[in-house]
Amino acid sequence: ALRSACPVQLRPVDSGKRPGCLVLGYAEAREALADARFSKDTAAFFEGSGSRRRLHPAVGRTMLASDPPRHTRLRKLVTRAFTTGAVAELRPFIARVADELLERWSPGERFDFVAGLAVPLPVIVICELLGVPESDRADVRRWSAELFAAGEPDVVDRASHAMADYMTDLITAKRLHPGESLLDRLIAARAGNEELSEDELVSLAVLLLVAGHETTTNFLGNALLALLRHPAALGRLRDDPDGIPAALDELLRFDPPVSTATFRFSTEALTLGGVEISAGVPVQVALGAANRDPEPFPAPDLLDLDRDATSHLAFGHGIHRCVGAPLAKAEGEIVLRAVLHRFPGIRLAVPPERLEWRRTRLVRGLAAL
Ligand code: HEM
Numbered sequence: 023a024l025r026s027a028c029p030v031q032l033r034p035v036d037s038g039k040r041p042g043c044l045v046l047g048y049a050e051a052r053e054a055l056a057d058a059r060f061s062k063d064t065a066a067f068f069e070g071s072g073s074r075r076r077l078h079p080a081v082g083r084t085m086l087a088s089d090p091p092r093h094t095r096l097r098k099l100v101t102r103a104f105t106t107g108a109v110a111e112l113r114p115f116i117a118r119v120a121d122e123l124l125e126r127w128s129p130g131e132r133f134d135f136v137a138g139l140a141v142p143l144p145v146i147v148i149c150e151l152l153g154v155p156e157s158d159r160a161d162v163r164r165w166s167a168e169l170f171a172a173g174e175p176d177v178v179d180r181a182s183h184a185m186a187d188y189m190t191d192l193i194t195a196k197r198l199h200p201g202e203s204l205l206d207r208l209i210a211a212r213a214g215n216e217e218l219s220e221d222e223l224v225s226l227a228v229l230l231l232v233a234g235h236e237t238t239t240n241f242l243g244n245a246l247l248a249l250l251r252h253p254a255a256l257g258r259l260r261d262d263p264d265g266i267p268a269a270l271d272e273l274l275r276f277d278p279p280v281s282t283a284t285f286r287f288s289t290e291a292l293t294l295g296g297v298e299i300s301a302g303v304p305v306q307v308a309l310g311a312a313n314r315d316p317e318p319f320p321a322p323d324l325l326d327l328d329r330d331a332t333s334h335l336a337f338g339h340g341i342h343r344c345v346g347a348p349l350a351k352a353e354g355e356i357v358l359r360a361v362l363h364r365f366p367g368i369r370l371a372v373p374p375e376r377l378e379w380r381r382t383r384l385v386r387g388l389a390a391l
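If you want it as structure tokens, here you go:
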């Protein structure tokens, strides 16, 4: 409703003291995400706004919260370490984890897909990729959930310090006993590389750890729910599982895990979608609203596995487009294959309107399914 009223809106934030910009239309969202005049350097923005946040700098100033040239330099190192080969190698591991988690349920039994699979699987996978020992994974999961929930500032700040301190220790341990993980490759990239500081190395590791699971947890839950609510689509993928990879983009478009907000701020006065925005205005791009814009996606509220949804914005757009997209898609494909194979008659145990959604500000995901 907001989007059809106006795709770009100036709205009061901070109890009405300052304006904020909400971007809802697809074309406008794409434009904002690709426009270098919108900065991601939120640390600089918060410093300017007199905020008293105590986020650890490794969490507050990640690659995702940086502009070029810093972003370009760090992103190059990540893409070099995060190869397609590394994702392909992980596939058998992901399938094994999915099977082990699903094995605990029998057909006919009621189970919670979120707690039983969507939450644990992405943490296990990203920890495996980064070389985080099994014994530490529960802590990592808790800190990450606290960071994402964006609840009490103190809790978020404390979690950011716990996560950064943990990563610093893990890097020290890995220097003594090097391995083959993605983190080991980043550590090797730092050795003899004046361009990557120790703080930046910690920050990259924390970002990968955090960005890599909360989002994927919600993707798995949202995707399965979409199929459960569209039995014809579910039946089609169950009968032809090779159609699953092609269906992932439509599932991501339909109910994107990063839905309500990804932030930037304007560095100069400019116009977006005919709306004048002055310098220093926080800009919230609502990817979920953009993905349901009828202009590029006719009948947007329909889950249509035949539509070409590859231009969806669930992974963002422009220089910050998600580096983990191939891994997230591999997880989605493998999990849906395993679920539909094991439980061909799977259905919702409660009416959809009784499902509870998690209370978070940025991401959209189920509390239980
Ligand atoms: C960036 C979504 C999974 C790592 C982003 C952005 C979005 C996104 C929307 C861009 C945000 C912006 O421009 O403000 C998602 C979704 C996922 C997912 C929906 C799951 C379905 C992953 C995974 C990883 C990952 C599995 C890592 C293993 C990153 C990183 C960035 C990023 C490092 C920052 C890229 C940059 O600043 O250049 N993601 N992500 N994501 N994502 Fe993902």
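Quick note, in UniProt numbering, the sequence shown goes up one by one and the last residue is 391.
Note that beta-carbon positions come from the ideal geometry of N, C-alpha and C, so glycine has one too.
When DSSP builds the beta bridges, which residues end up paired with W379?
Per DSSP, L388.
Please state whether the Cβ-Cβ distance between L358 and E272 is less than 8 Å.
The Cβ-Cβ distance between L358 and E272 does not fall below 8 Å.
Give the secondary structure of S61 by DSSP, where H, G and I count as helix, E and B as strand, and everything else as coil.
Residue state for S61 is assigned as strand, using DSSP reduced to three classes.
Rounded to whole angstroms, what is the Cα-Cα separation between D179 and R329?
If I take the Cα positions, the gap works out to 42 Å.
If you compare alpha carbons, which of L44, L242, G340 and N313 is closest to A331?
For A331, the closest of L44, L242, G340 and N313 by C-alpha to C-alpha distance is N313.
By DSSP, does L231 sit in helix, in strand, or in coil?
In the structure shown, L231 sits in a helix (DSSP, three-state: H, G or I).
Give me the DSSP bridge partner(s) of L32.
Bridge partners of L32: C43.
Look up I299 in the DSSP assignment and give the residues it is bridged to.
For I299, which the question treats as bridged, DSSP gives the partners L292.
Same chain only: Cβ atoms within 6 Å of P278, ignoring 5 sequence neighbours per side
Spatial neighbours of P278 in its own chain (CB-CB distance under 6 Å, excluding positions within 5 residues in sequence) are listed in chain order as L309, G310, N313 and A336.
Let's see if you can read the secondary structure: which residues bound the beta strand (DSSP E) around P304?
Unbroken beta strand (DSSP E) run through P304: P304 to V307.
If you reduce the DSSP assignment to three classes, tell me which class F337 lands in.
Shown here, F337 sits in coil according to DSSP, grouped into three states, outside any helix or strand.
Going straight from the alpha carbon of A245 to that of P366, what length do you get?
Using only the alpha carbons, I get a separation of about 16 Å.
If L249 sits next to A255, beta carbons under 8 Å apart, how far is it from one beta carbon to the other, in whole angstroms?
Indeed, because the Cβ distance is near 6 Å, the residues count as touching under 8 Å.
Quickly, what does DSSP pair T284 with across the bridge? List them, please.
According to DSSP, residue pairing for T284 in a beta bridge involves V307.
Which of helix, strand or coil does DSSP assign to G214?
In the structure shown, G214 sits in coil (DSSP, three-state: anything other than H, G, I, E or B).
May I ask you to check if the CB of F135 is nearer than 7 Å to at least one heavy atom of the ligand HEM?
Between the ligand HEM and F135, a heavy atom-to-CB distance of less than 7 Å is absent.
Pick out whichever of E202, V162 and S203 has its Cα sitting closest to the Cα of H183.
When C-alpha distances from H183 are compared across E202, V162 and S203, the shortest belongs to V162.
Using only the alpha-carbon positions, how far apart do E378 and L169 sit?
If you take the alpha carbons of E378 and L169, they lie about 21 Å apart.
Looking at V307: is its Cβ nearer than 8 Å to the Cβ of T284?
Between V307 and T284, the gap from beta carbon to beta carbon is short of 8 Å.
Is the beta carbon of V280 closer than 8 Å to that of L384?
Closer than 8 Å, so yes.
For E290, which residues of its own chain have a beta-carbon under 8 Å away from its beta-carbon, when the five flanking residues on both sides are left out?
Closer than 8 Å at Cβ, skipping near neighbours: R59 and A301.
P189: beta carbon under 7 Å from a heavy atom of the ligand HEM?
The identity of residue 189 in the sequence shown is Met, whereas the question assumes Pro. At a cut-off of 7 Å, the beta-carbon of M189 does not count as near the ligand HEM: no heavy atom of the ligand is closer than that.
Of all the options A110, D134, A181 and W165, which has the alpha carbon lying nearest to the alpha carbon of residue 399?
Residue coverage of the chain in this structure runs from 23 to 391, which leaves residue 399 outside it and unanswerable.
So, P144 versus T282, is the Cβ gap smaller than 8 Å?
Between P144 and T282, the CB-CB gap reaches or exceeds 8 Å.
With 16 other CB atoms within 10 Å as the buried threshold, where does residue 10 fall?
What the structure shows of the chain is the stretch from 23 to 391, and residue 10 is not part of that stretch, so it cannot be assessed.
At a threshold of 7 Å, does F365 count as lining the ligand HEM (C-beta to nearest heavy atom)?
Checking the Cβ of F365 against the ligand HEM gives no.
Among F67, A371 and A51, which residue has its Cα nearest to the Cα of H339?
With distances taken between Cα atoms, H339 lies closest to A51.
Stretch-stretch touch, CB-based, cutoff 8 Å, three pairs: the stretch 110 to 125 with the stretch 73 to 91:
Inter-segment contact for the stretch 110 to 125 and the stretch 73 to 91 is absent: fewer than three beta-carbon pairs are separated by less than 8 Å.
Start-to-end residues for the alpha helix (DSSP H) that takes in R159:
For R159, the enclosing alpha helix (DSSP H) stretches over residues R159 to A171.
Could you tell me whether the stretch 78 to 89 touches the stretch 367 to 374, using the rule of 3 or more Cβ pairs below 8 Å?
Short answer: they don't touch.
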